[in-house]
Amino acid sequence: MTEETNPSSREMVCRVDDNTLETGKIPIVFVPGVMGSRLHFTAIDQRWDPDSNWAMVHWLRVSADRTREEFALSNPATVMTENSSLTQAQRDRGWAGVAWGFYGQFVQDLARQRFGRYQTPVYVIGYDWRQNNRTSGDAVARRINEILALEGVERFILISHSMGGLVTRACLKNNADVAGKLMGVVHIAQPVHGGVVLVRRMFTGAVSAEDGGWGLSTILGNNRKKFQTIMSSLPGPMQLMVTPNYRDTDGSWWYDFTSFANPEIPQRWEGNTWDLYSMPASPPGLLAPAGHAYSVDAVPRREFARRLAEARAYHDWVALWKHEKTWSIYSTGLVTDMRVHFDLPADRYETHVIPSYGEGMPVILYTAQRANGTEVTVSNPDPESRGNVLRRRAQSDSTVPDPSGEGLFPGQRHPVAIGADYTTLKQFRISGAAHDAICHNANCERCLFDILRHILGI
Amino acid sequence: MAKLSIRQGDDLTTLALSRGFDPQKLWDHPGNADLKELRHSPNALLPGDQVEIPALEEREEGVATGSIGRFKLSVGPLKLRIRLTWHGEARADLAYDLTIGEQTLSGTTDGDGWVDQPLPLDATRATLSLLDGEETYELMLGHLDPHDSPSGIQQRLRALGFYFGEVDEDVGPQTQAALRRFQTKQSLSVTGEADDATVNALRDAYGT
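Protein chains in written order, with our numbering: chain B, 3 to 460; chain H, 11 to 218.
In structure tokens, the structure reads:
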């Protein structure tokens, strides 16, 4: 672990005549993404700590309903402060609050950067990512004021990753005093219009191959009902649902289907996404009607509706607001869900039981009719996913689709260039950096550190 | 008469004093007219610059026997003058320690943030320490290059908080970006070029 105190710097001065030495101190504050903060659930003494397999085994073992109850905000959690590999000074700056496996490299790289004679102590603000991002934003604002008082300075710089972007925008929009002291904010991989993958998981659950491997998909709920049950207790993550502003990369609407009757006619569910999610028919409604297969229980059903209403209220409030001193970096070239598509099953089908002769099981055939009268045999009339078909393309950072990643400055896709004119160029696109690893990607750091030079030098 | 080639860390004032000249007279010497034309300040020269060192004038002064003759060499001492700023504001009344070799001078900046201390003739480095060592700066004395040379531009942009890269004489994108920031701050036309107006404003902002 490197110490992050600023070493003495060499200054070229002249004898006899006048010299100037400009100095100063500007804290750089980093706000991580969803599930990136390490939380201690004090009442049950369990930890959400991606750095510890031991801690995570708990979440792997418990049922979706138990996870829902333990994730509920009524179960208090605090941001963790212990990490034996960090110094006291680093822990005092909040470094132990983030998952070190995700963010350690980045935080250390940032702390090693030198900006002339300016001291730039690096602070990390972990937060309770379960709660409404607006609530987290206010918590971040309070902590920023503490940091400024502690350092005895008036100005600071913000960096966010992923959902941390929604938190910091809420922080700055809702806290004018803090916003007024901001020298600049850089959002990295912010899902401005949400993530399509989250809507898709509402129908498939977290599927191992596409959704982070076996461990994470099990924790998040590996079928539709489990996933919705767990999400019903998480206001913050529910605000990552696709907002009414999202479109696919060609500008087209993203939520579409074909009916069984007319499979050759493309159709769409259009309108305000929050209305669509709440519709009783599923899809486009997210919840299977009560009594149907994979429908969630009464309590999480009620909670789920509240989460949707909160998410809508959050996005209606924050909309596309951004601080006037905003820059953004996002990545493309990796695969994720770009839209949600269904080949819907038939509404009506007939069941034929063909008895077998001898010892075999009877064969059950399901048949249904197309609009043109042809009769088709279908394998399973009521699949969990309601006929969801993956629509994945390499136009994302593996989680956030490009149109959402570039949502703050639509169409700005500048390549990274040292010394760029950051007074007019606000958004930079890199390639091949995965969402969870983008912060310490070499090209992202090159871009970020050059933006910081601009912010500090202007 | 001899030509002396400037090395990094040299300046004309120190050269003059160490050889028994009045610095102003050496600077004004006709043999250095080209250098004076080329460089704005005798204390910010570039390595390789040629300084003409004339023969020392010998003077005869008659002094009556039985009396005490008093001769005064009219040259000022070498000084270190640094103005400390904090985000552009003077760091006034700030205690500092200035260490030169074995010697440490303690002082307090004046109301405009100035460190103003005499320097020994042979001093090449000094350490400026603020706030009980929380901030320390290694001062490379005599290393400031001319205000219109690439390295001199980078040094001044760096000292003033516009440039955070290496002083490498390569006026590339980082230096141009720093020039744009400086030009913006000074309400100059924002070109990223080190034109006359910009380097002169840079010299004035820095002090030399």
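Positions of the beta carbon are idealized from the N, C-alpha and C atoms, including for glycine. These numbers were taken from a predicted model, which means no experiment stands behind them.
- Contiguous alpha helix (DSSP H) elements confined to the segment 293–349 of chain B occur at 300–320, taking only those with 4 or more residues.
- Listed in chain order, the non-local C-beta contacts of Pro286(B) below 8 Å within the same chain comprise Tyr257, Trp271, Leu278 and Tyr279, local neighbours out to five positions each way being set aside.
- Contact between Ile63(H) and Arg29(H) holds, since their C-beta atoms are separated by about 7 Å, short of 8 Å.
- Per the DSSP secondary-structure output, Trp271(B) pairs with nothing in a beta bridge.
- The continuous beta strand (DSSP E) containing Val33(B) extends over residues Ile30 to Val33.
- Here Gln429(B) is actually not in contact with His437(B); their C-beta atoms are around 17 Å apart, not less than 8 Å.
- Taking 8 Å as the upper bound for CB-CB distance, Leu108(H) and Ala136(H) are in contact here, some 6 Å apart.
- For Gly98(H), the secondary structure class from DSSP, reduced to helix, strand or coil, is coil.
- For a cut-off of 8 Å, the C-beta gap from Val320(B) to Met165(B) is around 12 Å, too long to register as a contact.
- Scanning chain H for C-beta atoms nearer than 7 Å to the C-beta of Glu13(B) yields Tyr147, Glu148, Leu149, Met150 and Ala169, reported in chain order.
- Residue nearest to Pro291(B) within the set Ile149(B), Arg388(B), Gln48(B) and Tyr424(B) is Arg388(B) (criterion: CA-CA distance).
- Secondary structure note for Gly409(B): it is in no beta strand (DSSP E), with a DSSP letter that is neither H nor E.
- Inter-segment contact for the segment 329–337 of chain B and the segment 396–403 of chain B is present: three or more beta-carbon pairs are separated by less than 8 Å.
- Following the DSSP letters along the chain, one finds Phe430(B) in no alpha helix (DSSP H) but inside the beta strand (DSSP E) bounded by residues Gln429 to Ser433.
- Excluding sequence positions up to five before and after Gln186(H), its CB lies within less than 7 Å of the CB of Gly202, all in the same chain and listed in chain order.
- Selection Leu112(B), Thr137(B), Phe229(B) and Cys16(B) evaluated against Ser65(B) yields Phe229(B) as nearest (Cα-Cα).
- Taken atom to atom, the span from the alpha-carbon of Leu160(B) to that of Thr44(B) is near 29 Å.
- Burial state of Met14(B) is buried, judged by a 10 Å Cβ sphere holding 16 or more other Cβ atoms.
- For Gly421(B), the nearest beta carbon of chain H is closer than 8 Å to its own beta carbon.
- Runs of the beta strand (DSSP E) lying entirely within the segment 18–93 of chain H, each at least 3 residues long, are 60–63 in chain order.
- Collapsing the DSSP output to three states places Asn85(B) in coil.
- Pairing Ser162(B) with Glu148(H) gives a Cβ-Cβ distance that is not under 8 Å.
- Contact annotation for Asp21(H) against chain B: Cys16, Arg17 and Val18 [CB-CB distance below 8 Å, chain order].
- Under the three-state reduction of DSSP, His442(B) is assigned to coil, being neither helix nor strand.
- A contact between stretches requires three or more CB pairs, one per stretch, nearer than 8 Å, and the segment 114–123 of chain B meets this requirement with the segment 161–179 of chain H.
- Taking all protein chains in view, the Cβ of His354(B) is surrounded by fewer than 16 other Cβ atoms within 10 Å, so the residue is classified as exposed.
- Counting only Cβ-Cβ distances below 7 Å, Phe172(H) has contacts in chain B at Gly459, in chain order.
- As computed with DSSP, Asn21(B) is found in a beta bridge with Ile92(H).
- Relative to the Cα of Ala133(H), the nearest Cα in the group Gly117(H), Gly152(H) and Leu141(H) belongs to Gly152(H).
- The three-state secondary structure of Ile420(B), taken from DSSP, is coil.
- For Asp258(B), the enclosing beta strand (DSSP E) starts and ends at Tyr257 to Thr260.
- Rounded to whole angstroms, the separation of the alpha carbons of Arg166(H) and Ala211(H) is 11 Å.
- The same chain holds no residue with a CB closer than 6 Å to that of Gly182(B) once the five nearest residues on each side in sequence are set aside.
- Taking 8 Å as the upper bound for CB-CB distance, Val194(B) and Gly409(B) are in contact here, some 3 Å apart.
- If you draw a 10 Å sphere on the C-beta of Gly121(H), you find fewer than 16 other C-beta atoms in it, and that means exposed.
- In this structure Ala105(H) is exposed. Its beta-carbon is surrounded by fewer than 16 other beta-carbon atoms within 10 angstroms.
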